[in-house]
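0 is the number of the first residue of the sequence shown in numbering that gives the first Met the number 0; add one for each residue after it. Working notes, structure below.
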Amino acid sequence: MVRGVVIAIILVGLLAMVALAPRWLMELSGNQPETDQPACNLAHEPCTWDVDGSHWQASLTQLPDEQGSARFRFSIKTNATIERMHGVLRGESMYLGEYPVLLTYSDSEQEWQGVFTPPVCTVQDIMVWRIDLELPGRPALNAGQRLLFEVHRK
């Protein structure tokens, strides 16, 4: 009898967690844009900014994908001398973790490029993502600009 009650309580607790987890994740992410940083939507136009006397331009291109998921090419052009750089993909509209965007330098294109597939959000039809640029030992390179884009669930 006691065992049955304990199992029922555990099942109700698990169901409550499953039902409330998406709402909790959305509240955890804050859903509030950082008002001190202007946002630039990479899906509509390239984003440009200046840091420490260097000019930066970021662009995003959606690539065709046979499997139906959204794949993107992220490109960075700059006149700064850089040995290594990578991006970090973070959910802006809801926290879904942090994902590295590996960038390699293309001599022929004179730019840094990386191809990535953002995770699919199963709670929202439209997910807003942010890409932050990082160099080893330096603060975020796009500190004056939030690089955003949207992914629509199919």
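Backbone N, C-alpha and C define an ideal beta-carbon position, used for all residues, glycine too. Values in this document were obtained by computation on a predicted structure and should not be read as measured data.
Simplified DSSP state of residue i, which is helix, strand or coil
i: Gly3; result: helix
i: Leu146; result: strand
i: Thr77; result: strand
i: Leu14; result: helix
i: Met93; result: coil
Residue i, buried or exposed, once every other Cβ within 10 Å from all chains shown has been counted against 16
i: Gly29; result: Any reading at Gly29 must be qualified, since the residue scores a pLDDT of 48, below 50, and its modelled position is unreliable; the value itself is stated next. Gly29 is exposed by the Cβ-count criterion.
i: Val5; result: exposed
i: Val127; result: buried
i: Leu95; result: buried
i: Pro37; result: exposed
i: Gln31; result: Residue placement at Gln31 cannot be trusted, given a pLDDT of 45 that sits under 50; what the coordinates show is reported in the next sentence. Under this definition Gln31 is an exposed residue.
Cβ distance (whole Å) where residue i is taken to contact residue j below 8 Å
i: Leu102; j: Trp111; result: 4 Å
i: Asp86; j: Gly113; result: Residue identity check: residue 86 is Gly in the sequence provided, not Asp. The Cβ separation is near 6 Å, so the contact holds.
i: Ala15; j: Phe148; result: Rounded, the Cβ-Cβ distance is 34 Å, inconsistent with contact.
Own chain partners of residue i with C-beta closer than 8 Å, once the 5 adjacent residues on each side are dropped
i: Gln56; result: Pro45, Cys46, Thr47, Ile75, Lys76 and Thr77
i: Thr34; result: Low local confidence applies: a pLDDT of 46 at Thr34 is under 50, so the model's placement there is unreliable, and no value is given.
Top-ranked residue by Cα proximity to residue i, from the options
i: Phe71; options: Ile81, Glu97 and Ser58; result: Ser58
i: Asp131; options: Pro117, Pro99 and Ala7; result: Pro99
i: Glu82; options: Thr121, Ser92 and Glu133; result: Glu133
i: Thr60; options: Phe73, Gln66, His54 and Ser68; result: Phe73
i: Val119; options: Arg89, Met84 and Cys39; result: Arg89
i: Met93; options: Ile9, Val122 and Arg145; result: Val122
Own chain, CB closer than 7 Å to residue i, minus 5 neighbours either side, in chain order
i: His151; result: Asp124 and Ile125
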